[in-house]
């Protein structure tokens with residue numbers, strides 16, 4: 001089962017373009033905080049705050065060795081979000097399948113001599 | 001190719017729990033604006049605003065017949081978001097595959113007489 005808060009936290013975290021860019025960068029491999037901060041026109045502290053949000057909702061993790069903090073993607077971090085999208089699609093597909101069955105039923109029960117203008121009735 | 005703005009608009013739209021709940025409801029079938037507004041403790045105008053955001057970024061569409069506006073899910077509306085997640089996962093998997101190959105190479109070139117404590121070197 002999905003934890004509502006996980007989906008909510010992931011969507012909120014990734015609605016921010018800088019945080020999405022950080023996740024894009026880290027899905028290609030680990031990076032230090034300095035490396036991650038380099039392309040952004042913002043303070044180091046602001047980047048650290050974004051990293052804390054991402055780490056807080058389980059999208060990344062970080063480890064400090066000596067004075068260097070290295071960040072990595074959390075392999076299962078995107079799962080709640082991917083599951084949410086997959087569930088919406090599953091619901092839609094089930095509906096389309098049902099619609100297809102109704103159309104097939106209407107088609108097979110149709111009298112070939114009858115008018116072709118018979119409207120397909122709601123279930 | 002992904003349009004950056006599509007992904008951005010979708011994440012922003014779905015970071016709001018009410019809008020996510022509306023998409024959840026509509027993935028099960030079409031609904032009128034009144035039906036959609038009923039479960040929420042907010043003004044009808046506020047719900048209409050949320051619907052406009054969702055329609056603006058292509059997640060839903062609506063049609064007015066007489067005085068009744070009916071909303072439906074846009075079947076391909078979640079595609080940019082699903083693609084973004086799939087791309088991140090593809091990047092991660094490629095990395096893990098590469099890591100697996102490096103480990104396999106290290107394993108096959110290992111001298112069986114040598115110490116088992118030989119560390120696996122970085123690429």
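Protein chains in written order, with the numbering used here: chain A, 1 to 123; chain B, 1 to 123.
From the three backbone atoms N, C-alpha and C, an ideal C-beta is built for every residue, glycine too.
Note that this is a predicted model, so its numbers are computed, not measured.
Exercise for the section: Verify the contact flag: residue 58 of chain B, CB atom, against every heavy atom of the ligand GTP, threshold strictly below 6 Å. Expected result: With respect to the ligand GTP, the structure shown offers nothing to examine, as it has no ligands at all.
Problem - Beta-carbon spacing of residue 91 of chain A, residue 27 of chain B below 7 Å - result: yes
Exercise for the section: Let me know the beta strand (DSSP E) ranges lying completely inside the segment 51 to 103 of chain B, each 3 residues or longer, listed in chain order. Expected result: 60 to 65 and 68 to 73
Exercise for the section: Pull up the DSSP beta-bridge partners for residue 31 of chain B, would you. Expected result: B:71
Problem - Selection from B:32, B:104 and B:24 that minimises the alpha carbon distance to residue 67 of chain B - result: B:32
Practice task
Give me the Cα-Cα distance between residue 14 of chain A and residue 45 of chain A, rounded to the nearest whole angstrom.
Solution key: 19 Å
Problem - Interface flag, residue 79 of chain B vs chain A, CB-CB below 7 Å - result: no
Problem - N-terminal and C-terminal residue of the alpha helix (DSSP H) that residue 39 of chain B is part of - result: First-last for residue 39 of chain B: undefined, no H or E at that position.
Practice task
Measure from the C-beta of residue 143 of chain A to each C-beta in chain B and report whether the shortest distance is under 7 Å.
Solution key: The shown model of chain A, from 1 to 123, leaves out residue 143 of chain A, and the question about it has no answer.
Problem - Any 3 or more C-beta pairs closer than 8 Å across the segment 82 to 89 of chain B and the segment 47 to 57 of chain B - result: no
Practice task
Verify whether the separation of the beta carbon atoms of residue 23 of chain B and residue 59 of chain B is less than 7 Å.
Solution key: yes
Practice task
Could you confirm whether any beta carbon from chain B is found closer than 7 Å to the beta carbon of residue 30 of chain A?
Solution key: no
Problem - Cβ shell of residue 38 of chain A (< 6 Å), same chain only, five flanking positions each side left out - result: none
Handout entry: Endpoints, the alpha helix (DSSP H) within which residue 21 of chain A is located
Key = 17 to 26
Problem - Identity of the residue in B:36, B:18 and B:109 nearest residue 62 of chain B by Cα - result: B:36
Problem - Beta-carbon contacts of residue 42 of chain A that lie in its chain and below 8 Å, excluding the five residues immediately before and after - result: 18
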